[in-house]
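A.B. asks:
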Amino acid sequence: MSEKHKKHFNKTLLALFLASQSTLAFSAMDYQVSQIKEIGQAAAISSDGSIVAGTYEISDNNYRPFLIINGNSVDLSKYSTGNDSIYISGLSADGNMATGYIVDANDNVKSKMYIYTANTGDISIPDQQAFTSVASQGISGDGKTIIGIADQKAFRFTEQDGITLLNPADSESSTANGVNHDGSVIVGRFITGNGQAFKYTADNGMVSLGTLRDDNTGQSNANAVSADGLVTVGSSTDNNDETHAIRHTDKEGMRDLGTLKKDNTGYSSASSVSHDGQFIVGSSYNEDDTERAFVYVSGEKKMYELKPVQDELAGESSAEAISDDGRVVAGYVQNENNETSAVLWKLDYKPPMTPLEPSTPVDPVKPVEPIKPVGPAEPLTPVEPSGPGEVIISNPVDIAKTRNTVTKLANSNYQVLDLYQTALYNLAESRCRMGGDNYCTGLFTQYDNVHRNSRVATGVFGSFRLPAENWTLGASLNFAVNTNLADGYDTRGSNNPGVGAWLRYQKNGDNTGFSSELSAAFLQQDLEITRRAQRGTETGKGNSDIKGYYVRFTTGYGISVSENTLVTPLAAVKYHHVTRAGYTESNGISFPATYGRAGNKNLDLQLGVDLKHRVNQSAELDAGIGTDIRLRHQRDAFTGHIQYVNDTDYIYDRGDNQNIKPYARAGVNYFINENSTVRGDIGYHTTDYRNDGLQVGLSYSYHW
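Read in order, the letters of the sequence shown are residues -27 to -1, 1 to 677 in mature numbering (1 follows the signal peptide of the UniProt record, and there is no 0).
Written as structure tokens, this is what we have:
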């Protein structure tokens, strides 16, 4: 690879994930971490953060681009020829236009610019036959102007004019590094000649910005320009032959931003600037001669060091970009394995207060009658100015690990939903065993289990026979007494009761012949949900609740196969709706997550057969087997939104679909006497998210 391209990739950033109000979908970090070997860089991002672009190394000196659109990866490597390397260097504000360059594998001096349009999936290579090497370095926010270097000369490209050198008559080499939103201001550096930063406009051409030295000698570089084109940032050599970060405006000229050292010595360089030029970020040596990320506040003329993850890492760090509003900084930190991790710093800046001016003394009022004049009022004592403002900097969060914490929470979410689906089924089937009597009341306990989630509930039930003796009506009420949920989920507040009810028609008293039944159940539980912290992440807590509704209409036909055995084929239509309400983490962390509603609605057809066998006068066995067949299904995806990490709701997982869900159950009734019955039962069914639901019940019924 040529020195030019090595320099492009040795900018120290493993993964840059930010622009205006930066956003990263987790699947971009997933993609990058899984593909990058040693050096990789996310080069650009759309203004709303929904689209991220960059380049990763697939083998030595062989690079490929990546583009993540709302969490979905777009494979741009298909546009490569053989082992040609492809780079992405810029995105428009809306993310629809991307630009970069392709390097010839057989002659790395040769390269060509390309333009990719996201909404059509088309890639175009503009006419550049007049040049041997063309590499685009950025694109304006409106997507109409591309800048870069063509045969060692800075250029701008528009669809109307094609590639235009900024100064075709100049024999010196130059490169364009940054462009403002509308393409009217371009900044960069003269590579040869004076080796200084320049600012280009159509009216003035390429104007050297000079250096920090008194005699204006030495070298400087312009890395970026604000969206309004007024503030340029970069670096320059000073009178002590050190390189310092700089801020340049036409009004103030070039200003030294200093370093993180108390004596302002050592190295620093600025890499990005907020929309209004108030906040500037980059990297600088600190007191320990370690290169660290910084944010510079122009109004205070003060540089702040950005803390590494949990203040424990001694490695290097760098800030490479800042959002338009200056609230979030993106960069990297070096971890204990000497690997670099992409991070975000969130800033909370409180500017200093402006002191009040003392009021002007009041002149004496001339009296109407000769009386003693009123003396002048004492002037107000000036208010002492407050100290300088303070930038409160949060600990950075590791983007990949933050995504992992949310994904883990999503996986637990599906298990919790399935647990309450199982509990609904069990509650609807919990009923008083009245036999041939007219009234029944009793107690019952149910145990429900899905994976590592379990719930024990105890309650009462009752039933009675209506005046039309073929009809019976019953209800049940229970309270959870012990609930163990998946990691991160816990019940809170008082336990809300679960309610079940049923209405049954039976043609014959011995349960033969036609029967039908309508049953329903409802459950509700308040939850406290905790997103567990990993190293370099935050612990987020929030409150939500889970609700479940269940309705089932069943028809069957009892067939007596012997004096003591009854077989009942059955068909049922069943509907359930289990949902966890949306919520926002509210424990005061810097990057709280907001979660959308999660749950499902299912309409199933159930086909099965029940078996009942009277063993003796004291015992009766029953069993059932069948399957639920999905008729209609609606599922809410698990979505999360963490500002500046992923500003658009990202779907972490929709869960696996399950069209056929088998079930089986077995039970035993023991008749203590003619009025008392004890029942035990166990059941199994496959849940909506392919988990195994286990149900166990124990009840006592008194009937008369």
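Glycine residues also receive a C-beta, built at the ideal position from the N, C-alpha and C atoms. Remember, predicted model here, so these are calculated numbers, not experimental data.
Can the beta-carbon of T148 be found less than 7 Å from the beta-carbon of R129?
C.D. replies: no
A.B. asks: Taking the C-alpha atoms as reference points, what is the distance between Q307 and T263?
C.D. replies: 11 Å
A.B. asks: Below 7 Å between beta carbons: does that hold for Q101 and K126?
C.D. replies: no
A.B. asks: Might you give, ordered along the chain, the residues of its own chain that have their beta carbon closer than 7 Å to the beta carbon of N140, omitting 5 neighbours on each side?
C.D. replies: G178, M179
A.B. asks: Short of 6 Å in beta carbon distance, which residues of its chain neighbour Y420, apart from the five on each side in sequence? Order them along the chain.
C.D. replies: V429, V669
A.B. asks: For G515, report the span of its beta strand (DSSP E) as first-last.
C.D. replies: Unbroken beta strand (DSSP E) run through G515: 513 to 533.
A.B. asks: So, E593 versus N646, is the Cβ gap smaller than 7 Å?
C.D. replies: no
A.B. asks: Quick one: any contact between the segment 167 to 186 and the segment 203 to 210, if contact means 3 or more CB pairs under 8 Å?
C.D. replies: yes
A.B. asks: On the DSSP letters alone, give me the boundaries of the beta strand (DSSP E) that T538 sits inside.
C.D. replies: 538 to 553
A.B. asks: Roughly how many angstroms separate the alpha carbons of V302 and L392, rounded to a whole number?
C.D. replies: 41 Å
A.B. asks: Going by DSSP, name the residue or residues bridged to H614.
C.D. replies: T567
A.B. asks: From N455, D297, E278, pick the residue whose C-alpha is nearest to that of E289; which is it?
C.D. replies: The option with the nearest alpha carbon to E289 is E278.
A.B. asks: Alpha carbon to alpha carbon, what distance is there between T567 and L(-4)?
C.D. replies: The pLDDT assigned to L(-4) is 32, lower than 50, so where the model puts this residue is not dependable; a value taken from the coordinates is nonetheless given after this. L(-4) and T567: Cα-Cα distance of roughly 15 Å.
A.B. asks: Is K10 helix, strand or coil by DSSP?
C.D. replies: Below a pLDDT of 50, predicted positions are generally treated as unreliable, and K10, at 28, falls in that range; no measurement from the model is reported.
A.B. asks: Would DSSP call A303 helix, strand or coil?
C.D. replies: Three-state result, A303: strand.
A.B. asks: Could you pull the start and end residues of the beta strand (DSSP E) that P440 belongs to?
C.D. replies: P440 -> no beta strand (DSSP E), and no H or E assigned at all.
A.B. asks: Thinking L397 and L539 are a contact (beta carbons under 8 Å), I'd like their distance in whole angstroms, please.
C.D. replies: 27 Å between Cβ atoms; not a contact.
A.B. asks: At which residue ranges does the segment 218 to 258 contain complete beta strand (DSSP E) runs of 3 or more residues, listed in the order of the chain?
C.D. replies: 226 to 229, 241 to 246, 252 to 258
A.B. asks: CA-CA distance, W444 and R504?
C.D. replies: The C-alpha of R504 is placed about 50 Å away from the C-alpha of W444.
A.B. asks: Please specify which runs of the beta strand (DSSP E), each continuous and at least 3 residues long, are wholly inside the segment 45 to 93, giving them in chain order.
C.D. replies: 45 to 48, 58 to 64, 70 to 76, 84 to 90
A.B. asks: What are the start and end residues of the beta strand (DSSP E) that includes N463?
C.D. replies: Per the sequence presented here, residue 463 reads as Asp, with Asn not at that position. Looking at the DSSP string, the run of the beta strand (DSSP E) that includes D463 is 462 to 464.
A.B. asks: Using a 10 Å radius around the Cβ and a threshold of 16 neighbouring Cβ atoms, would you call E225 buried or exposed?
C.D. replies: exposed
A.B. asks: Would you say Q579 and D609 are within 7 Å of each other, going by their C-beta atoms?
C.D. replies: No, the pair does not count as a contact, with Cβ atoms beyond the cut-off.
A.B. asks: Could you check the C-alpha separation between T28 and T72 for me, to the nearest Å?
C.D. replies: 12 Å
A.B. asks: Take every Cβ of the segment 430 to 439, pair it with every Cβ of the segment 512 to 529, and state whether three or more of those distances are shorter than 8 Å.
C.D. replies: no
A.B. asks: At which residues does the beta strand (DSSP E) containing N422 begin and terminate?
C.D. replies: 412 to 423
A.B. asks: What do you get for L233, buried or exposed, if any count of 16 or more other CB atoms within 10 angstroms of its CB means buried?
C.D. replies: buried
A.B. asks: With DSSP run on the structure shown, which of helix, strand or coil describes Q498?
C.D. replies: strand
A.B. asks: So the candidates are H424, G447, S427, E442; which of them puts its Cα closest to the Cα of G415?
C.D. replies: G447
A.B. asks: Where does R587 fall in DSSP's three states?
C.D. replies: strand
A.B. asks: Using the Cα positions of S106 and T174, report the straight-line distance between them to the nearest angstrom.
C.D. replies: Rounded to whole angstroms, S106 to T174 spans 24 Å at the Cα level.
A.B. asks: Per DSSP, T650 forms a beta bridge with which residues?
C.D. replies: F644, S674
A.B. asks: In this structure, does DSSP put V107 in helix, strand or coil?
C.D. replies: strand
A.B. asks: How is R376 classed by DSSP in three states: helix, strand or coil?
C.D. replies: DSSP, read as helix, strand or coil, puts R376 in helix.
A.B. asks: Is V454 helix, strand or coil when you go by DSSP?
C.D. replies: strand
A.B. asks: Can you name, in chain order, every residue of its own chain whose Cβ lies under 6 Å from the Cβ of D211, other than the five neighbours on each side?
C.D. replies: L185, H217
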